[in-house]
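Going letter by letter, the sequence shown gives residues -19 to -1, 1 to 159 in mature numbering (1 follows the signal peptide of the UniProt record, and there is no 0).
Where a beta carbon is used, it is the ideal one built from N, C-alpha and C, also for glycine.
Working notes, structure below.
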Amino acid sequence: MKTITFLVLLMITGVAAMAQYKPADKKSRVEFTIANFGFDVKGSFTGIQGLINFDSQNPQNSSMDITVDANTINTDNSLRDKHLKNEWYFDVKNYPNIHFLSSKVTDGGKSGNYVVTGKLTIKGKSKDISIPFTAVQDNEEFLFKGSFKINRIDFGIGATSTISNELEVLLNIYTVKA
């Protein structure tokens, strides 16, 4: 009888730990840094949508499906932003979204640290990436913070040698219960 009670309690606790969240776009940021003519250029995207199923106790049960509006690119230079929206860069007319779909989430080795692995799709090209991140809970909200590097050439972004091939992406995704 004690074993059955324990198993029922374990199942209830496991279900309660898993929760579904959605990004709070107004608070969330996807930022990037890339060298252009040797100088760092910073930019950001908004328009963050999606669903995050997150279980901090059992990260293997978690999943992420996030979309970012490519048309929201902002480098604090409207001429450059217009240029980055054209077909040689993000081609927002034909590829309006940047998409990430996880295939697994694992424990990152320290409390509150995790790694999400999945497919990042930009301009119709998908690459497997891993993103180390932290998850900090505040009541019924989470802040997911992480960073990763990608090669822009892998996604067909930019046909110029004046910008670095590698760029760093910083994530600050605030979520609320869905």
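- Here Thr156 is buried, its C-beta having at least 16 other C-beta atoms within 10 Å.
- Within the DSSP bridge table, the entry for Val97 names Val86, Ile112 as partners.
- Within the same chain, Cβ atoms closer than 6 Å to the Cβ of Ile112 are found at Val97, Gly127, Phe129, the five residues on either side in sequence being excluded.
- About 5 Å separates the CB atoms of Thr48 and Asn78; that is less than 8 Å, so the two are in contact.
- Asn42 is the residue among Lys104, Lys8, Asn42, His64 whose C-alpha sits nearest the C-alpha of Ser83.
- Between Gly28 and the set Ile15, Thr87, Asn34, Ala51, the nearest pair of CA atoms involves Ala51.
- In the three-state DSSP reduction, Phe136 falls in the helix class (H, G or I).
- When the beta-carbon positions are compared, Phe35 and Phe136 stay at least 8 Å from each other.
- In terms of Cα proximity to Thr14, the closest of Ser142, Ala140, Ile131 is Ile131.
- Secondary structure at Asp62: helix, using DSSP grouped into helix, strand and coil.
- Just measuring C-alpha positions, the residue of Leu148, Glu147, Asp119, Leu151 sitting nearest Tyr2 is Asp119.
- Counting other Cβ atoms within 10 Å of its Cβ, Ile33 reaches 16 or more and is therefore classed as buried.
- In this structure the segment 14 to 24 touches the segment 140 to 149; the number of beta carbon pairs closer than 8 Å is three or more.
- The residue from Gly139, Thr143, Ile144, Phe125 with its alpha-carbon nearest to that of Ile154 is Phe125.
- Of the residues Asp21, Gln30, Met45, the one whose Cα lies closest to the Cα of Ala(-1) is Met45.
- Rounded to whole angstroms, the separation of the alpha carbons of Ile134 and Thr143 is 13 Å.
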